[in-house]
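*Asks:*
Numbering (the working numbering), first residue to last: 102 to 216.
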């Protein structure tokens, strides 16, 4: 993780502590943009969203970073779900900023349709 992402995280945490939810969301979102796998920033961002009464978005932020990848990888092992799982993984990877992985999953999802 970059030092810049860490600084954004620290700013966001401080803003959250003083209940400056708008600044917290901005800083924590920036931290996630720079380091999509930064778990503490993801949780803090979700907390800031929830405190601002945006619970559906908070839940989406958490789901995008935690558990979804593993769930889709498991689903891909089930016959008949390969395309759906690849499509789901592509969405997860897009939210995490893992664009090469996203592209690979989109190719996998499109392969049966092309054949």
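Beta carbons are placed, not taken as given, at the ideal position from N, Cα and C, and that holds for glycine.
Predicted, not measured: the structure shown is a model, and the values here were computed from it.
Assuming contact is defined by CB atoms lying nearer than 9 Å, are residue 135 and residue 165 in contact in what I supplied?
*Replies:* Cβ atoms of residue 135 and residue 165: not closer than 9 Å.
*Asks:* Roughly how far, in whole angstroms, is the beta-carbon of residue 172 from the beta-carbon of residue 188, given that I think they are within contact range, below 8 Å?
*Replies:* About 13 Å; that fails the 8 Å criterion.
*Asks:* With respect to the alpha helix (DSSP H) encompassing residue 136, which residues constitute its N-terminal and C-terminal limits?
*Replies:* Careful: residue 136 lies outside any alpha helix (DSSP H) and carries neither H nor E.
*Asks:* Assuming residue 177 is part of the alpha helix (DSSP H), what are its boundary residues?
*Replies:* Residue 177 -> no alpha helix (DSSP H), and no H or E assigned at all.
*Asks:* By alpha-carbon positions, which one of 132, 122, 113, 181 ends up nearest to residue 105?
*Replies:* Cα-wise, what sits closest to residue 105 is 132.
*Asks:* Rounded to the nearest angstrom, what separates residue 217 and residue 137 at their Cα positions?
*Replies:* The structure shown has nothing for residue 217, since the chain only spans 102 to 216.
*Asks:* What is the C-beta distance between residue 147 and residue 110, in whole angstroms, given that I count them as a contact (C-beta under 8 Å)?
*Replies:* Wrong, their Cβ atoms sit about 13 Å apart, outside the cutoff.
*Asks:* Assuming residue 184 is part of the alpha helix (DSSP H), what are its boundary residues?
*Replies:* Counting along the chain, the alpha helix (DSSP H) containing residue 184 begins and ends at 183-197.
*Asks:* Where does the unbroken alpha helix (DSSP H) through residue 113 begin, and where does it stop?
*Replies:* Run containing residue 113: 104-118, per the alpha helix (DSSP H) assignment.
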